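Working notes, beginning with the structure itself.
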Amino acid sequence: MLFLTLAGLFAVALCDEKDGGKAPRIPLDDGNSMPAMGLGTFLGFDENGQKEAKSMEVENAVSWALDAGYRMIDTASAYNNEVQVGRGVQNSTVPREHVFLVTKLGANEKRDVLGALRKSLGRLNMSYVDLYLIHNPVSFTPDHTQYEVIDYLDTWKQMEQTKKLGLAKSIGISNFNISQMDRLLANCEIKPSVLQVEVNLNLAQNDILQYCKRHNIAVMAYTPFGNLFSTDKAPPPPRASDPTLKSMATKYKKSVAQIVLRYLVQTGVAPIPKSVNKPRIEQNIDIFDFSLTPEEVQILSGFNKNYRTVWPSFWQDHPYYPFEHKAVPDPDLFHPKTE
Ligand SMILES: NC(=O)c1ccc[n+]([C@@H]2O[C@H](COP(=O)([O-])OP(=O)(O)OC[C@H]3O[C@@H](n4cnc5c(N)ncnc54)[C@H](OP(=O)(O)O)[C@@H]3O)[C@@H](O)[C@H]2O)c1
Ligand SMILES: *[C@@H]1O[C@H](CO)[C@@H](O)[C@H](O)[C@H]1NC(C)=O
Ligand SMILES: *[C@@H]1O[C@H](CO)[C@@H](O)[C@H](O)[C@H]1NC(C)=O
Ligand SMILES: *[C@@H]1O[C@H](CO)[C@@H](O)[C@H](O)[C@H]1NC(C)=O
Numbered sequence: 000m001l002f003l004t005l006a007g008l009f010a011v012a013l014c015d016e017k018d019g020g021k022a023p024r025i026p027l028d029d030g031n032s033m034p035a036m037g038l039g040t041f042l043g044f045d046e047n048g049q050k051e052a053k054s055m056e057v058e059n060a061v062s063w064a065l066d067a068g069y070r071m072i073d074t075a076s077a078y079n080n081e082v083q084v085g086r087g088v089q090n091s092t093v094p095r096e097h098v099f100l101v102t103k104l105g106a107n108e109k110r111d112v113l114g115a116l117r118k119s120l121g122r123l124n125m126s127y128v129d130l131y132l133i134h135n136p137v138s139f140t141p142d143h144t145q146y147e148v149i150d151y152l153d154t155w156k157q158m159e160q161t162k163k164l165g166l167a168k169s170i171g172i173s174n175f176n177i178s179q180m181d182r183l184l185a186n187c188e189i190k191p192s193v194l195q196v197e198v199n200l201n202l203a204q205n206d207i208l209q210y211c212k213r214h215n216i217a218v219m220a221y222t223p224f225g226n227l228f229s230t231d232k233a234p235p236p237p238r239a240s241d242p243t244l245k246s247m248a249t250k251y252k253k254s255v256a257q258i259v260l261r262y263l264v265q266t267g268v269a270p271i272p273k274s275v276n277k278p279r280i281e282q283n284i285d286i287f288d289f290s291l292t293p294e295e296v297q298i299l300s301g302f303n304k305n306y307r308t309v310w311p312s313f314w315q316d317h318p319y320y321p322f323e324h325k326a327v328p329d330p331d332l333f334h335p336k337t338e
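Counting in numbering that gives the first Met the number 0, the sequence shown runs from 0 upward without gaps.
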């Protein structure tokens, strides 16, 4: 607890007021710093597979978010929306230099990392990104039809090159497990500054968080709401109607979404909630004017079930698949050509 409090103060001390952002900044081990919360931009799936952004949908969300005080935007080559993200940044009231822009190397782009980043930069219409992540340790051929076994240590050497060239200010990883991080840390020249993984009420990731704290790797929390707003009965609770969550929301005059985001921030991770809805975008960043008590943090941590909402089962046969292997309940639910 003491550690969290000190880390919190340090982060606040680093907050640059002139930047106008609402979230404090988390120091990274390479000397840069990252906002403690950002906007997610992945639109999810429908019956046709990965959803395509409607005209201006993501562009507007990014502009609204920056105008509302976000300073971090998360995208990926695989989201097929970098053009809109770039326009959204350009069309906001916030200068590019004040934005922490995150994109990711696709699973099918690992033969030429530098070329992939240059393509992302072209779509974003930017000269650098603030953070470039390996989206996943698993690889596919460029046409995305077959597995390819490319050692992530080789990929990382090329990631280091992007940082040396200044095309990525910081570099990191996503969806790596602890043994993969161990192997990477033992064999790298530049350490990964950030790990992006799923963290929410149902998936606390206690081991990974401890590991990252020990190695000074900042953690960005994807799918921060887990199954909170799911209408599907299968995933475990809690839902937004949960009485414990609702009573905390009432106490602080906040929404259940805000309680959950605040909880994640207080546990030291940087959540990246996705929304394309202006009021919800504004609501989600409005969490830096209250604090949950240590007892409330304890209660919320009790929801953990080590339950994964994002489970790419269609990658299970790849040798670098990072998660637990399980029987696939309904293969039709999954979309092998996307991430
Ligand atoms: N590295 C990876 O492999 C990986 C994997 C998954 C996700 N990500 C990143 O993490 C981001 C967030 O994860 P996610 O999109 O899976 O899930 P999420 O952010 O936990 O949830 C998004 C859903 O919550 C809704 N929502 C947002 N704010 C709300 C609020 N205040 N009240 C009620 N509903 C609200 C959104 O709908 P509306 O848009 O309609 O508001 C959307 O349906 C992604 O967008 C992506 O950038 C990365
Ligand atoms: C910029 O945003 C405004 C609204 O703030 C919108 O009307 C306009 O179409 C956008 N322009 C571009 C080039 O994206
Ligand atoms: C790229 O950004 C520059 C300004 O930095 C702008 O003049 C140009 O129109 C943009 N290009 C595209 C294709 O949006
Ligand atoms: C981590 O990933 C490796 C593949 O690189 C896999 O063999 C191992 O089982 C994974 N560990 C866990 C705990 O899932």
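Positions of the beta carbon are idealized from the N, C-alpha and C atoms, including for glycine.
Please read these numbers as outputs of a predicted model, since none were measured by experiment.
Opposite residue i in the DSSP bridges: which residues?
i: K103; result: L132
i: E197; result: Y221
i: P311; result: In the DSSP output, where bridge partners are listed per residue, P311 has none listed.
i: Q49; result: F44
i: Y146; result: F139
i: D73; result: G39, V101
i: L202; result: N199
i: G171; result: L132, V193
What do you reckon, is the C-beta of residue i under 7 angstroms from a heavy atom of ligand 3?
i: N124; result: yes
i: Q89; result: yes
Counting C-beta neighbours from all protein chains within 10 Å, is the total for residue i 16 or more, i.e. buried, or is it exposed?
i: Q257; result: buried
i: T74; result: buried
i: V255; result: buried
i: G165; result: exposed
i: K168; result: buried
i: K109; result: buried
i: F289; result: exposed
i: S62; result: buried
i: E58; result: buried
i: E338; result: For E338, the pLDDT reaches just 45, beneath the cut-off of 50, and the residue's location in the model is therefore unreliable, leaving the point undetermined.
i: R307; result: buried
i: L200; result: buried
i: T40; result: buried
i: N47; result: exposed
i: S76; result: buried
i: V327; result: exposed
Could you tell me if the beta carbon of residue i falls within a distance shorter than 7 angstroms of some heavy atom in ligand 1?
i: I271; result: yes
i: R307; result: no
i: N283; result: yes
i: V296; result: no
i: A256; result: yes
i: N174; result: yes
i: Q179; result: no
Which same chain residues end up closer than 7 angstroms to residue i when comparing Cβ atoms and leaving out the 5 residues on each side of it in sequence?
i: P321; result: P136, N174, F175, N176, Q179
i: N305; result: L202
i: Q204; result: V196, V198
i: T222; result: E197, N199, T308, V309
i: S300; result: A203
i: F228; result: A239
Excluding five sequence neighbours on each side, which residues of the same chain lie with their C-beta closer than 6 angstroms to the C-beta of residue i?
i: I286; result: Q257, L260, R261
i: T4; result: Because the pLDDT of T4 is 45, which lies under 50, any placement of that residue in the model is unreliable, and the number read from its coordinates should be weighed accordingly. Contacts found: none.
i: S340; result: Limits of the chain in this structure are 0 at one end and 338 at the other, which puts residue 340 out of reach.
i: E56; result: V275
i: G19; result: none
i: P270; result: M36, A220, P223, L260, L263
To which residues of the same chain is residue i closer than 8 angstroms at the C-beta, ignoring the five residues directly before and after it?
i: V112; result: L104, T154, Q157, M158, Q160, T161
i: G68; result: G19, G20, K21, A22, I284
i: H317; result: V137, S138, Y146, V148
Can we count residue i as close to ligand 4, meaning its CB is less than 7 angstroms from some heavy atom?
i: P34; result: no
i: P311; result: no
i: S229; result: no
i: F139; result: no
i: Y319; result: yes
i: P191; result: no
Counting Cβ pairs, one atom from each stretch, are 3 or more of them under 8 angstroms apart for the segment 251-269 and the segment 296-306? yes
Pairs of beta-carbons, one from the segment 80-89 and one from the segment 45-59, closer than 8 angstroms: are there three or more? yes
Should the segment 27-39 be regarded as contacting the segment 240-258, the criterion being three or more beta carbon pairs within less than 8 angstroms? no
Given 8 angstroms as the limit, is there contact between the segment 93-104 and the segment 121-130, that is, 3 or more CB pairs closer than that? yes
Assess, as a yes-or-no matter, whether the segment 81-98 is touched by the segment 196-216 under the definition of 3 or more beta carbon pairs within less than 8 angstroms. no
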